[in-house]
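Chemist:
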Amino acid sequence: MYYTDTVTIPNYLCDCRDRLTMWGLARLLQESAGHHAETAQMGFRQLIERGKAWVLCRMYYEVDRLPMEGETVTVRTWSRGTDGLFAFREFELIDAQGVAVTCSTYWVIIDMLSRKAVRIRDYWAGIETHDDCATSRSSLDRLRVPKDAGNPLSATSFPVKASMLDHTFHVNNAEYIKWVFDYLPQLSTNPDDPTPCPDRMLTLPAPFRFAIEFFTETMPGEEVTVEVFSLRDPDQTTCFRISNPRATAVVATLMNR
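Counting the sequence shown from 1 gives a position; this note's numbering is that position plus 1.
Quick look at the structure:
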């Protein structure tokens, strides 16, 4: 089945220009995914009773525009089935003009004690699947910082606070997205000059593409480091690596479209 939620964009998910943030969008999509899973007895409450939980692995967004505070939008989501450990879920954010954002995602179910992924088929029940893919990518490749990326434009470290955690007791996926967009590089007013310009922070006009992969949990009390790389490819890709003391937790890429 296709599942829909109708949402009026709240102020607390918006930026200083009253536009929906990417981390706010991630929260909305996560909420709709949970509502849909609950209809098949596979939501958070149903899984937690069995000692399991949903965890996001990969997300890919194609953003044409982001709605403003007070706009009424529809989140449309559906399952594209499973393969091994992964469950595939698609999203559309629809405003008065049509489809504004599409998103493709990979999920796993983890055991809350071992923190390891379990076989999806042991818990999969009752969700009708559809083959159509919301974005232009029917499969999501693994993300890496290229070896030739050079030195980071910036590297910022800070501790994980309790407010950054979700019900699985690790940093929520939307929090990583917030960090990515908080540390967008400063740019020169001359696009041919890569020299940072302290008085002009990058504003990110749509359309753009954004991909993120979650590798390792980050736990309360750990310190994370956000590194930003400019790849200088035709898509003007900005790459982000977020690390905790144990490993790379997240890699993300932001591409002009």
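From the three backbone atoms N, C-alpha and C, an ideal C-beta is built for every residue, glycine too.
Mind checking which residues open and close the alpha helix (DSSP H) that includes ARG28?
Modeler: In the sequence shown, counting from the first residue as 1, residue 28 sits at position 27. 23-40 is the extent of the alpha helix (DSSP H) around ARG28.
Chemist: Considering only the beta carbon of each residue, do GLU1 and ALA135 sit closer than 7 angstroms?
Modeler: Outside the modelled stretch of the chain, which goes from 2 to 258, sits residue 1, for which no answer is possible.
Chemist: Under 7 angstroms between the Cβ atoms of CYS58 and PHE215?
Modeler: To locate residue 58, count along the sequence shown from 1; it is residue 57. To locate residue 215, count along the sequence shown from 1; it is residue 214. Their beta carbons are under 7 angstroms apart, which means CYS58 touches PHE215 by this criterion.
Chemist: Can you give me the start and stop residues for the alpha helix (DSSP H) that ASP48 sits inside?
Modeler: Residue mapping note: residue 48 aligns to position 47 of the sequence shown, counting from 1. In the sequence as displayed, the identity of residue 48 is Leu instead of Asp. That run of the alpha helix (DSSP H) goes 45-49.
Chemist: With distances taken from CA atoms, which of GLU32, ASN12 and GLU50 is nearest ILE111?
Modeler: Position 110 of the sequence shown, counted from the first residue, corresponds to residue 111. Of the listed residues, the one whose Cα sits closest to ILE111 is GLU50.
Chemist: Measuring only the C-alpha atoms, how far is SER137 from ALA212?
Modeler: The residue given as residue 137 occupies position 136 in the sequence shown. The residue given as residue 212 occupies position 211 in the sequence shown. So the two alpha carbons sit approximately 13 angstroms from each other.
Chemist: Would you mind reading off the limits of the alpha helix (DSSP H) that contains TRP125?
Modeler: As a working mapping, residue 125 is identified with position 124 in the sequence shown. Careful: TRP125 lies outside any alpha helix (DSSP H) and carries neither H nor E.
Chemist: Where MET202 and VAL74 are concerned, what is the direct C-alpha to C-alpha distance, given to the nearest angstrom?
Modeler: What you label residue 202 is simply residue 201 of the sequence shown in a count that begins at 1. What you label residue 74 is simply residue 73 of the sequence shown in a count that begins at 1. Confidence in MET202 is poor, its pLDDT being 43 and thus under 50, which makes the residue's placement unreliable; the coordinate value appears in the next sentence. Distance between the alpha carbons of MET202 and VAL74: 29 angstroms.
Chemist: Would you list the one or two residues that DSSP bridges to TYR61?
Modeler: Translated into positions along the sequence shown, residue 61 becomes position 60. Answer is SER105 and ALA212, bridged to TYR61.
Chemist: Between TYR184 and the rest of its own chain, which residues show a CB-CB distance below 8 angstroms, the 5 nearest in sequence each way excluded?
Modeler: The residue given as residue 184 occupies position 183 in the sequence shown. Once the five neighbours on either side are set aside, the close Cβ partners of TYR184 are SER155, THR157, VAL227, VAL229 and PHE241.
Chemist: Starting from TYR177, follow its DSSP beta bridges and name the residues at the other end.
Modeler: The residue labelled residue 177 in the question sits at position 176 within the sequence shown. DSSP lists no partner for TYR177.
Chemist: Report the partner residues of LEU94 according to the DSSP bridge assignment.
Modeler: Here the question's residue 94 lines up with position 93 in the sequence shown. The partner list for LEU94 (beta bridge, DSSP) reads VAL76 and VAL102.
Chemist: Evaluate GLY127 with the Cβ neighbour count: other Cβ atoms within 10 Å of its Cβ, from every protein chain shown; 16 or more gives buried, anything less gives exposed.
Modeler: The residue labelled residue 127 in the question sits at position 126 within the sequence shown. Per the 10 Å Cβ criterion, exposed.
Chemist: Where does ASP236 sit, in a helix, a strand or coil, going by DSSP?
Modeler: Within the sequence shown, residue 236 is the residue found at index 235, counting from 1. Note: ASP236 maps to coil in three-state DSSP.
Chemist: Could you tell me how far apart the beta carbons of THR78 and TYR4 are, in whole angstroms, since I believe they sit closer than 8 angstroms?
Modeler: As a first step, residue 78 must be located in the sequence shown, where it is residue number 77. As a first step, residue 4 must be located in the sequence shown, where it is residue number 3. THR78 to TYR4, Cβ: 5 angstroms. Contact.
Chemist: Using CA atoms only, rank isn't needed, just tell me which of SER231, PHE182 and LEU141 is closest to LYS148.
Modeler: For the purposes of this step, residue 148 is taken as residue 147 along the sequence shown, with counting starting at 1. Checked all of SER231, PHE182 and LEU141; the closest Cα to LYS148 is SER231.
Chemist: Under 7 angstroms between the Cβ atoms of ARG120 and MET69?
Modeler: For the purposes of this step, residue 120 is taken as the residue at position 119 of the sequence shown. For the purposes of this step, residue 69 is taken as the residue at position 68 of the sequence shown. Not closer than 7 angstroms, so no.
Chemist: For ASP123 and MET23, what's the separation of their Cα atoms in angstroms?
Modeler: In the sequence shown, the residue the question calls residue 123 occupies position 122. In the sequence shown, the residue the question calls residue 23 occupies position 22. Near 33 angstroms, if we compare the C-alpha coordinates of MET23 and ASP123.
Chemist: When the Cα atoms are used, what is the spatial distance from SER189 to TYR62?
Modeler: As a first step, residue 189 is located in the sequence shown; it is residue number 188 there, counting from the start. As a first step, residue 62 is located in the sequence shown; it is residue number 61 there, counting from the start. Annotation note: pLDDT 40 at SER189 (below 50); position unreliable, no value reported.
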